[in-house]
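**Q** Below is the structure I would like to discuss, written out as structure tokens.
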Amino acid sequence: MNTMQSSAQAATAARRGIVIEGRDVGKSFGGGSVIALEGASFSVKAGSFVSLVGPSGCGKSTLLRLIAGLIDRTSGQLTVHGRDVKGPHSDVGMMFQRATLLEWRTAIENVLLPVELQRTVTAADRARATELLAMVGLKDFAFSFPSQLSGGMQQRVALARLLQTGADILLLDEPFGALDEFTRERLNIELMRIVGEVGATTLFVTHNILEAIFLADEVMVMTPRPGRLARMVHVPFARPRTPELTLTPEFNALVAEVRDILGTH
Amino acid sequence: MADVVTQMAATGGKSLRQRQNATHIGIFLTLILLWELGALMGWLDPLFFPAPSAILTSFWRIYFAQGNIWYHLYVSLGLVFAGFTAGSILGIGLGAVVGMNGLVRRFLQPYVIVLEATPRIAVAPLLIAALGFGATSKIAIIMLVCFFAPFINTLSGVINVDRDRMELMRSLGASKLQVLRKLVLPEAVPVIMAGERLALTSALSGVLVAEFIQRDQGIGTLILTYTRNLNMASAFACILTLTLIGFLIFKGMEKLDHHIAYWKNEAGLRRVGAKRAQAWATAQRGQSNA
Ligand SMILES: Nc1ncnc2c1ncn2[C@@H]1O[C@H](COP(=O)(O)OP(=O)(O)OP(=O)(O)O)[C@@H](O)[C@H]1O
Ligand SMILES: [Mg+2]
Numbered sequence: 003m004n005t006m007q008s009s010a011q012a013a014t015a016a017r018r019g020i021v022i023e024g025r026d027v028g029k030s031f032g033g034g035s036v037i038a039l040e041g042a043s044f045s046v047k048a049g050s051f052v053s054l055v056g057p058s059g060c061g062k063s064t065l066l067r068l069i070a071g072l073i074d075r076t077s078g079q080l081t082v083h084g085r086d087v088k089g090p091h092s093d094v095g096m097m098f099q100r101a102t103l104l105e106w107r108t109a110i111e112n113v114l115l116p117v118e119l120q121r122t123v124t125a126a127d128r129a130r131a132t133e134l135l136a137m138v139g140l141k142d143f144a145f146s147f148p149s150q151l152s153g154g155m156q157q158r159v160a161l162a163r164l165l166q167t168g169a170d171i172l173l174l175d176e177p178f179g180a181l182d183e184f185t186r187e188r189l190n191i192e193l194m195r196i197v198g199e200v201g202a203t204t205l206f207v208t209h210n211i212l213e214a215i216f217l218a219d220e221v222m223v224m225t226p227r228p229g230r231l232a233r234m235v236h237v238p239f240a241r242p243r244t245p246e247l248t249l250t251p252e253f254n255a256l257v258a259e260v261r262d263i264l265g266t267h
Numbered sequence: 598m599a600d601v602v603t604q605m606a607a608t609g610g611k612s613l614r615q616r617q618n619a620t621h622i623g624i625f626l627t628l629i630l631l632w633e634l635g636a637l638m639g640w641l642d643p644l645f646f647p648a649p650s651a652i653l654t655s656f657w658r659i660y661f662a663q664g665n666i667w668y669h670l671y672v673s674l675g676l677v678f679a680g681f682t683a684g685s686i687l688g689i690g691l692g693a694v695v696g697m698n699g700l701v702r703r704f705l706q707p708y709v710i711v712l713e714a715t716p717r718i719a720v721a722p723l724l725i726a727a728l729g730f731g732a733t734s735k736i737a738i739i740m741l742v743c744f745f746a747p748f749i750n751t752l753s754g755v756i757n758v759d760r761d762r763m764e765l766m767r768s769l770g771a772s773k774l775q776v777l778r779k780l781v782l783p784e785a786v787p788v789i790m791a792g793e794r795l796a797l798t799s800a801l802s803g804v805l806v807a808e809f810i811q812r813d814q815g816i817g818t819l820i821l822t823y824t825r826n827l828n829m830a831s832a833f834a835c836i837l838t839l840t841l842i843g844f845l846i847f848k849g850m851e852k853l854d855h856h857i858a859y860w861k862n863e864a865g866l867r868r869v870g871a872k873r874a875q876a877w878a879t880a881q882r883g884q885s886n887a
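Chains as they are written, first to last, in the numbering used here: chain D, 3 to 267; chain F, 598 to 887.
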């Protein structure tokens, strides 16, 4: 009975092209003493790029970790590809603010880690890893160790590793937040290109409102204490987008709208 | 032009170093000479400061003329090796198990603190009482003094594993064993190696204590015998031998550390990086031939 119901749900979700769906999702820590997230209802369309913005502590990381199944929600419903999220699963790949590379492995060995944890590495896997390193612009650094790479290059390796998982949902938690302005801008544009190429659904956390709008199809605006999903803002601009977009009045109208929701004028 | 400058800097640095070395050797020889002179003139009590020439003669005797030190060295170093190996394996193994298991850790924590506060060597007589005289109790004593540094260091290495990397491994669906093998242990390697260095130095002290207590054979017993016969020059020769062994152990462990924790030093990164690149190329070629 239950299975029938959930497979029916999965079918409807797939028909609507929705890959992640949350209904009143809540998470509290310490037996309810800290409410990190409350009543979050949202849906994410297949292949879309969704930015998450909101002040520090509003539950952005918590939401990503819930979707990844790294922590369990304390209330509500949450499905990925129509399936209830219970524990870590292979539909999603994560990327963090820090590159989290293994320092004793070369770049390409880091990229192969996700495969290695699942099965024996094949020649095809190695070819794919080489291809991914080229895609993130590190063709010549396959045998460099993380400590021999700059912060930006390390994040590129982490991105290649994320793509090697083959996950079609990418959860990026301030992936370039620790990098300088120039590097971050370049990587953002490359990220847009790469994500478009592989056709993945992307959730991208950032503190930067301009960046959030520039990259996304939808911006999830969150407010703090307790963490709530205030609104989804649709971003209508066509792709490919260039940095000049940020100078247009339409773009700035959207920025103002998001600022308004956040109450940060 | 730039080449000339660097070359000059290089030779300048080298000659400075050579001059420093010459100064060190000069001071050392002067001290030895003064010591010899003092002993010769009877200013120094030969019971505390046997003349350098006498120590040198003793070296010749115990190593070549009489050659009796070899056996004792062999016995002592054998015990050090056995006790160190057993103690390290136990320490690292238990440290990993306790570190990976939160429940065991909470349960063991108070005991670890109490044991850490106890001077390990105090337990030596009890071990002899329990195991009797002989190699077994000596190895047990060495194990005891060797166990703690690897245990504590492995434990802290495992507990302090990077949280984000842990989360990454979990999100990639790694099993507990995979997390241990591919993340936790490699990440803990540098601290474990630091523990191993301490352990090996302790092992050298441990074997001496064990032999001081049991007085049957080994380098510790030899020192004790020479001292009791007031043959201070030979006792000094034995102690200097231990100094040399200690130094070699230190250097050897340093080399091993550089080799195992290769990602912590420039040379290691270059060496292993080149090796992996080559292995990859070979695998690739094998693939295209097949
Ligand atoms: N493991 C935890 N135990 C207790 N409280 C937690 C835990 N993880 C998060 N919290 C709390 O939940 C709230 C939301 O945290 P979260 O990390 O999701 O915020 P965030 O939006 O990602 O913030 P930032 O922008 O600073 O990264 C915070 O108040 C935080 O203190
Ligand atoms: Mg966060």
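Ideal placement from N, C-alpha and C gives every residue a C-beta, glycine not left out. Here the structure is a predicted model, which means the values were calculated and not measured.
Would F:R762 pass as an interface residue toward chain D - the criterion being a Cβ-Cβ separation below 9 Å?
**A** True, the Cβ-Cβ gap to chain D drops below 9 Å.
**Q** Exposed or buried, what is D:V36 when buried is set at 16 or more other beta-carbons lying within 10 Å of its beta-carbon?
**A** That one is exposed.
**Q** When the Cα atoms are used, what is the spatial distance from F:S612 to F:H621?
**A** If you take the alpha carbons of F:S612 and F:H621, they lie about 14 Å apart.
**Q** For D:R107 and F:L705, I'd like the C-alpha separation in whole angstroms.
**A** Rounded to the nearest angstrom, the two C-alpha atoms are 34 Å apart.
**Q** By DSSP, does D:R230 sit in helix, in strand, or in coil?
**A** Of the three classes helix, strand and coil, the one that applies to D:R230 here is strand, per DSSP.
**Q** Give every residue whose Cβ lies closer than 5 Å to any heavy atom of ligand 1, listed in chain order.
**A** My final list is D:F31, D:V36, D:A38, D:S58, D:G59, D:C60, D:G61, D:K62, D:S63 and D:T64.
**Q** What three-state label does DSSP hand D:Q99 in the structure shown?
**A** Three-state result, D:Q99: coil.
**Q** Since D:Q79 sits in a beta bridge, which residues does DSSP pair it with?
**A** Partner(s): D:R25.
**Q** Is the region 768-788 of chain F touching the region 693-709 of chain F, taking contact as three or more C-beta pairs under 8 Å?
**A** Touching, per the Cβ criterion.
**Q** Looking at C-beta atoms only, is the number of pairs between the region 205-216 of chain D and the region 164-183 of chain D that lie closer than 8 Å three or more?
**A** Result yes; three or more Cβ-Cβ pairs closer than 8 Å.
**Q** CB-CB under 8 Å to F:L866, same chain, minus the five flanking residues each way: which ones, in chain order?
**A** Hits under 8 Å: Y859 and W860.
**Q** Closest to D:G89 by CA distance: which of D:G229, D:R75 and D:R100 is it?
**A** The option with the nearest alpha carbon to D:G89 is D:R75.
**Q** Measuring only from the beta carbon, is D:D175 closer than 8 Å to any heavy atom that is part of ligand 4?
**A** Absence of ligand 4 from the depicted structure is noted, with ligand 1 and ligand 2 being the only ligands included.
**Q** Whose C-beta lies closer than 8 Å to the C-beta of F:L676 among residues of the same chain, with five residues either side of it excluded?
**A** Closer than 8 Å at the Cβ level, and outside the excluded window around F:L676, lie A732, K735, I736, I739, V804, A807 and G815.
**Q** Under 8 Å from any heavy atom of ligand 2, does the C-beta of D:V207 make it?
**A** It does: the Cβ of D:V207 is within 8 Å (strictly closer) of some heavy atom of ligand 2.
**Q** For D:H209, is the classification buried or exposed, using 16 other Cβ atoms within 10 angstroms of its Cβ as the cut-off for buried?
**A** With fewer than 16 other Cβ atoms within 10 Å, it is exposed.
**Q** F:P649 touches chain D at which residues, Cβ-Cβ below 9 Å?
**A** What F:P649 touches in chain D: nothing, since even the nearest Cβ is about 48 Å away.
**Q** Assign F:Q881 to one of three DSSP states: helix, strand, or coil.
**A** Of the three classes helix, strand and coil, the one that applies to F:Q881 here is helix, per DSSP.
**Q** Can you confirm whether F:E793, when its beta carbon is compared against all beta carbons of chain D, has any partner nearer than 9 Å?
**A** Chain D contact via Cβ: absent.
**Q** In terms of alpha-carbon separation, which member of D:A126, D:S30 and D:F51 lies closest to D:R67?
**A** If we check each option's Cα against that of D:R67, D:S30 comes out closest.
**Q** Counting only Cβ pairs nearer than 7 Å, list the residues of chain D close to F:P747.
**A** Within 7 Å Cβ-Cβ: nothing; F:P747 doesn't reach chain D, min ~20 Å.
**Q** In the DSSP output, which residue or residues are listed as bridge partners for F:V742?
**A** Looking at the DSSP assignment, F:V742 forms no beta bridge with any residue, so it has no partner.
**Q** Go ahead and pull the three-state DSSP assignment for D:L135.
**A** Helix at D:L135.
**Q** Short check: CB of D:L80 to CB of D:I69, under 9 Å?
**A** It is a contact, given that the beta carbons lie within the stated cut-off.
**Q** Closest by CA to F:R703, which one among F:L769, F:L752 and F:L637?
**A** F:R703 has its Cα closest to that of F:L752, out of F:L769, F:L752 and F:L637.
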